[in-house]
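Colleague: In the numbering used here, the protein residues as written are 234 to 462.
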Amino acid sequence: MWDQLIEDAPRFFGPYNLLFLGEALLNTLLLSYLGAAIGFAIGFGLAIGRHPRLYGVLPLRIAATLYVEVFRRIPFLVKLMCVFFAFQLSGAQVSLFMVALVTVVLSAAAFAAEIARAGIESVPAPQWDAAEAMNFSRWKVLTRIVAPQSWRVALPPLFGYAVGFIKSTSIASQIGVLELTYAAKILNTRGFSALLCFGTILVVYFLICWPTKRFGERLEARLGHRAKA
(Lines of atoms letter the chains of each structure in order from A and count residues from 1; the text may use other names and numbers.)
(Lines give C-alpha, C1' and ligand atoms only; values in the text may rest on other atoms or scores of the structure.)
Protein backbone atom coordinates (compact mmCIF):
# COMPACT_ATOMS: atom_id res chain seq x y z
CA MET A 1 0.00 0.00 0.00
CA TRP A 2 2.70 2.47 0.97
CA ASP A 3 4.67 1.65 -2.17
CA GLN A 4 1.62 2.55 -4.25
CA LEU A 5 1.18 5.82 -2.36
CA ILE A 6 4.79 6.78 -2.97
CA GLU A 7 4.43 5.88 -6.63
CA ASP A 8 1.14 7.79 -7.09
CA ALA A 9 2.14 10.92 -5.14
CA PRO A 10 4.13 12.67 -7.94
CA ARG A 11 1.25 12.18 -10.40
CA PHE A 12 -1.39 13.08 -7.81
CA PHE A 13 0.29 16.37 -6.95
CA GLY A 14 0.86 17.27 -10.59
CA PRO A 15 -0.05 20.72 -11.94
CA TYR A 16 -3.41 19.67 -13.38
CA ASN A 17 -4.58 17.97 -10.19
CA LEU A 18 -3.38 20.84 -8.03
CA LEU A 19 -5.32 23.27 -10.21
CA PHE A 20 -8.37 21.02 -9.91
CA LEU A 21 -8.01 20.87 -6.12
CA GLY A 22 -7.45 24.62 -6.00
CA GLU A 23 -10.75 25.24 -7.77
CA ALA A 24 -12.50 22.87 -5.36
CA LEU A 25 -10.86 24.63 -2.40
CA LEU A 26 -11.99 28.03 -3.69
CA ASN A 27 -15.58 26.80 -4.01
CA THR A 28 -15.45 25.35 -0.50
CA LEU A 29 -14.18 28.65 0.94
CA LEU A 30 -16.80 30.66 -0.93
CA LEU A 31 -19.60 28.37 0.17
CA SER A 32 -18.39 28.44 3.76
CA TYR A 33 -17.38 32.03 4.39
CA LEU A 34 -19.56 33.89 1.90
CA GLY A 35 -22.61 31.80 2.75
CA ALA A 36 -22.00 32.16 6.47
CA ALA A 37 -21.43 35.93 6.23
CA ILE A 38 -24.66 36.52 4.28
CA GLY A 39 -26.57 34.14 6.54
CA PHE A 40 -25.25 35.76 9.70
CA ALA A 41 -26.32 39.20 8.45
CA ILE A 42 -29.82 37.90 7.71
CA GLY A 43 -29.88 36.11 11.06
CA PHE A 44 -29.12 39.34 12.90
CA GLY A 45 -32.05 40.94 11.08
CA LEU A 46 -34.28 38.05 12.12
CA ALA A 47 -33.15 38.44 15.73
CA ILE A 48 -34.06 42.13 15.62
CA GLY A 49 -37.45 41.26 14.17
CA ARG A 50 -38.09 38.79 16.99
CA HIS A 51 -37.42 41.28 19.77
CA PRO A 52 -40.56 43.14 20.97
CA ARG A 53 -38.62 46.26 22.04
CA LEU A 54 -36.98 46.75 18.66
CA TYR A 55 -38.84 46.10 15.42
CA GLY A 56 -40.70 42.99 16.57
CA VAL A 57 -44.31 43.51 15.53
CA LEU A 58 -46.33 40.36 16.21
CA PRO A 59 -46.67 39.00 12.63
CA LEU A 60 -42.94 39.53 12.01
CA ARG A 61 -42.05 37.89 15.31
CA ILE A 62 -44.18 34.85 14.52
CA ALA A 63 -42.76 34.49 11.00
CA ALA A 64 -39.15 34.91 12.17
CA THR A 65 -39.62 32.46 15.04
CA LEU A 66 -41.17 29.83 12.78
CA TYR A 67 -38.35 30.18 10.27
CA VAL A 68 -35.66 29.84 12.92
CA GLU A 69 -37.26 26.90 14.71
CA VAL A 70 -37.98 24.99 11.50
CA PHE A 71 -34.68 25.51 9.68
CA ARG A 72 -32.57 24.76 12.75
CA ARG A 73 -34.11 21.31 12.98
CA ILE A 74 -33.92 20.20 9.36
CA PRO A 75 -30.73 18.30 8.38
CA PHE A 76 -28.48 20.10 5.91
CA LEU A 77 -28.89 17.38 3.28
CA VAL A 78 -32.69 17.67 3.39
CA LYS A 79 -32.48 21.44 3.02
CA LEU A 80 -30.06 21.03 0.15
CA MET A 81 -32.44 18.71 -1.71
CA CYS A 82 -35.43 20.97 -1.01
CA VAL A 83 -33.60 23.99 -2.42
CA PHE A 84 -32.39 21.94 -5.39
CA PHE A 85 -35.88 20.77 -6.35
CA ALA A 86 -37.44 24.15 -5.55
CA PHE A 87 -35.21 25.77 -8.17
CA GLN A 88 -36.07 23.00 -10.62
CA LEU A 89 -39.82 23.38 -10.08
CA SER A 90 -39.59 27.17 -10.44
CA GLY A 91 -37.80 26.82 -13.77
CA ALA A 92 -34.97 29.08 -12.63
CA GLN A 93 -31.66 28.38 -14.35
CA VAL A 94 -29.08 28.48 -11.56
CA SER A 95 -25.81 26.66 -11.07
CA LEU A 96 -25.34 23.86 -8.58
CA PHE A 97 -22.94 26.13 -6.71
CA MET A 98 -25.74 28.68 -6.26
CA VAL A 99 -28.06 25.95 -4.97
CA ALA A 100 -25.48 25.01 -2.33
CA LEU A 101 -24.80 28.66 -1.47
CA VAL A 102 -28.51 29.38 -0.93
CA THR A 103 -28.73 26.33 1.34
CA VAL A 104 -25.77 27.50 3.42
CA VAL A 105 -27.32 30.98 3.70
CA LEU A 106 -30.66 29.56 4.85
CA SER A 107 -28.97 27.39 7.44
CA ALA A 108 -26.61 30.10 8.67
CA ALA A 109 -29.45 32.60 9.00
CA ALA A 110 -31.42 30.28 11.27
CA PHE A 111 -28.52 29.47 13.58
CA ALA A 112 -27.22 33.04 13.64
CA ALA A 113 -30.66 34.38 14.51
CA GLU A 114 -30.71 32.32 17.69
CA ILE A 115 -27.19 33.38 18.66
CA ALA A 116 -27.94 37.04 17.94
CA ARG A 117 -31.15 36.79 19.98
CA ALA A 118 -29.10 35.61 22.96
CA GLY A 119 -26.74 38.54 22.44
CA ILE A 120 -29.58 41.04 22.32
CA GLU A 121 -31.19 39.60 25.43
CA SER A 122 -27.89 39.89 27.28
CA VAL A 123 -28.36 43.68 27.37
CA PRO A 124 -29.65 44.46 30.90
CA ALA A 125 -33.30 45.51 31.16
CA PRO A 126 -32.52 48.80 32.98
CA GLN A 127 -30.64 50.00 29.89
CA TRP A 128 -33.74 49.42 27.76
CA ASP A 129 -35.84 51.30 30.31
CA ALA A 130 -33.34 54.17 30.42
CA ALA A 131 -33.36 54.44 26.63
CA GLU A 132 -37.17 54.60 26.59
CA ALA A 133 -37.12 57.23 29.34
CA MET A 134 -34.72 59.33 27.24
CA ASN A 135 -37.04 58.91 24.23
CA PHE A 136 -34.44 57.17 22.11
CA SER A 137 -35.64 56.01 18.72
CA ARG A 138 -35.47 52.30 17.92
CA TRP A 139 -32.56 52.96 15.60
CA LYS A 140 -30.59 54.74 18.35
CA VAL A 141 -31.33 51.96 20.80
CA LEU A 142 -30.10 49.40 18.30
CA THR A 143 -26.94 51.20 17.17
CA ARG A 144 -25.86 52.85 20.43
CA ILE A 145 -26.93 50.41 23.12
CA VAL A 146 -27.79 46.97 21.76
CA ALA A 147 -25.28 46.38 18.94
CA PRO A 148 -22.09 47.47 20.82
CA GLN A 149 -22.89 45.04 23.66
CA SER A 150 -24.62 42.15 21.92
CA TRP A 151 -21.98 41.57 19.25
CA ARG A 152 -19.40 40.75 21.94
CA VAL A 153 -21.66 37.93 23.11
CA ALA A 154 -22.77 36.73 19.69
CA LEU A 155 -19.62 36.99 17.57
CA PRO A 156 -17.40 34.29 19.14
CA PRO A 157 -20.00 31.47 18.93
CA LEU A 158 -20.61 32.37 15.31
CA PHE A 159 -17.08 31.22 14.48
CA GLY A 160 -17.93 27.82 15.93
CA TYR A 161 -20.90 27.56 13.61
CA ALA A 162 -18.77 28.80 10.72
CA VAL A 163 -16.50 25.79 11.25
CA GLY A 164 -19.59 23.60 11.13
CA PHE A 165 -20.62 25.11 7.81
CA ILE A 166 -17.17 24.44 6.38
CA LYS A 167 -17.70 20.76 7.10
CA SER A 168 -21.34 20.83 5.96
CA THR A 169 -20.32 22.01 2.50
CA SER A 170 -19.00 18.50 1.87
CA ILE A 171 -22.65 17.39 1.61
CA ALA A 172 -22.97 19.58 -1.50
CA SER A 173 -21.02 16.85 -3.29
CA GLN A 174 -24.29 14.87 -3.30
CA ILE A 175 -25.65 17.11 -6.05
CA GLY A 176 -22.35 17.40 -7.94
CA VAL A 177 -20.93 20.69 -6.65
CA LEU A 178 -17.18 20.82 -7.19
CA GLU A 179 -15.89 21.21 -3.65
CA LEU A 180 -13.16 19.35 -1.79
CA THR A 181 -15.02 16.12 -1.09
CA TYR A 182 -16.34 15.89 -4.64
CA ALA A 183 -12.84 16.55 -5.99
CA ALA A 184 -11.50 13.69 -3.88
CA LYS A 185 -14.17 11.38 -5.29
CA ILE A 186 -13.29 12.37 -8.85
CA LEU A 187 -9.56 11.81 -8.31
CA ASN A 188 -10.27 8.47 -6.68
CA THR A 189 -12.25 7.33 -9.74
CA ARG A 190 -9.24 8.26 -11.89
CA GLY A 191 -7.25 5.48 -10.25
CA PHE A 192 -5.54 7.29 -7.40
CA SER A 193 -5.50 5.67 -3.97
CA ALA A 194 -8.50 6.51 -1.75
CA LEU A 195 -6.10 7.05 1.15
CA LEU A 196 -4.11 9.56 -0.87
CA CYS A 197 -7.20 11.39 -2.17
CA PHE A 198 -9.23 11.62 1.02
CA GLY A 199 -6.16 11.90 3.24
CA THR A 200 -5.15 15.03 1.32
CA ILE A 201 -8.64 16.46 1.66
CA LEU A 202 -8.60 15.68 5.38
CA VAL A 203 -5.44 17.76 5.80
CA VAL A 204 -6.92 20.63 3.77
CA TYR A 205 -10.10 20.65 5.86
CA PHE A 206 -8.00 20.75 9.02
CA LEU A 207 -5.95 23.66 7.67
CA ILE A 208 -9.19 25.57 7.07
CA CYS A 209 -11.12 24.68 10.22
CA TRP A 210 -8.41 24.86 12.87
CA PRO A 211 -7.29 28.48 12.22
CA THR A 212 -10.94 29.58 12.02
CA LYS A 213 -11.71 27.95 15.38
CA ARG A 214 -8.56 29.35 16.97
CA PHE A 215 -9.36 32.84 15.72
CA GLY A 216 -12.82 32.60 17.29
CA GLU A 217 -11.35 31.42 20.60
CA ARG A 218 -8.81 34.26 20.66
CA LEU A 219 -11.50 36.76 19.80
CA GLU A 220 -13.71 35.42 22.59
CA ALA A 221 -10.84 35.68 25.09
CA ARG A 222 -10.03 39.22 23.99
CA LEU A 223 -13.64 40.37 24.18
CA GLY A 224 -14.01 38.75 27.59
CA HIS A 225 -10.91 40.54 28.83
CA ARG A 226 -12.23 43.88 27.58
CA ALA A 227 -15.61 43.28 29.21
CA LYS A 228 -13.93 42.62 32.59
CA ALA A 229 -11.76 45.71 32.19
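By construction, the Cβ of each residue, glycine as well, lies at the ideal position given by its N, Cα and C atoms.
Return helix, strand or coil for P389, following the three-state DSSP convention.
Modeller: Your numbering for residue 389 matches position 156 in the sequence shown. P389 falls in the helix class under three-state DSSP.
Colleague: Could you tell me the alpha carbon to alpha carbon distance between A341 and A274, rounded to whole angstroms?
Modeller: Walking along the sequence shown from the start, residue 341 turns up at place 108. Walking along the sequence shown from the start, residue 274 turns up at place 41. So the two alpha carbons sit approximately 9 Å from each other.
Colleague: By the three-class DSSP mapping on this structure, what secondary structure does M314 have?
Modeller: By one-based count along the sequence shown, residue 314 stands at place 81. If DSSP states are grouped into helix, strand and coil, M314 belongs with the helices.
Colleague: Which full runs of the alpha helix (DSSP H) of 4+ residues lie inside the region 281-334, going along the chain?
Modeller: Here the runs fully enclosed are 291-304, 309-323.
Colleague: Cα separation between A333 and R451?
Modeller: Within the sequence shown, the letter at position 100 stands for residue 333. Within the sequence shown, the letter at position 218 stands for residue 451. Looking at the two C-alpha atoms, the distance is approximately 30 Å.
Colleague: So, with DSSP's three-state summary, where would you put S355?
Modeller: As a first step, residue 355 must be located in the sequence shown, where it is residue number 122. Note: S355 maps to coil in three-state DSSP.
Colleague: My parser needs the alpha helix (DSSP H) runs of 4 or more residues fully inside the region 353-432; what are they?
Modeller: Listed in chain order, they are 358-366, 380-401, 413-422.
Colleague: Would you call the CB atoms of T445 and I399 closer than 9 Å?
Modeller: Your numbering for residue 445 matches position 212 in the sequence shown. Your numbering for residue 399 matches position 166 in the sequence shown. The answer is yes: Cβ separation under 9 Å.
Colleague: For my contact list, F309 and S401 are in at a C-beta cut-off of 8 Å; report their separation, rounded to the angstrom.
Modeller: Counting from one through the sequence shown, the residue named residue 309 turns up at place 76. Counting from one through the sequence shown, the residue named residue 401 turns up at place 168. Their Cβ separation, rounded to whole angstroms, is 5 Å, which keeps F309 and S401 in contact under 8 Å.
Colleague: Which residue from E365, A349, Y415, A358 puts its Cα closest to that of L435?
Modeller: For this step, residue 435 is matched to residue 202 along the sequence shown. Minimum Cα distance to L435 is reached at Y415.
Colleague: Would A296 pass as a contact of R350 if the rule is Cβ separation under 9 Å?
Modeller: Here the question's residue 296 lines up with position 63 in the sequence shown. Here the question's residue 350 lines up with position 117 in the sequence shown. Contact flag unset, no.
Colleague: Identify which residue in F330, I348, G449 has its Cα closest to the Cα of S383.
Modeller: Within the sequence shown, numbered from 1, the residue matching residue 383 stands at position 150. The shortest Cα separation from S383 among F330, I348, G449 belongs to I348.
Colleague: DSSP state of G278, grouped into three classes?
Modeller: Numbered from its first residue, the sequence shown carries residue 278 at position 45. Helix.
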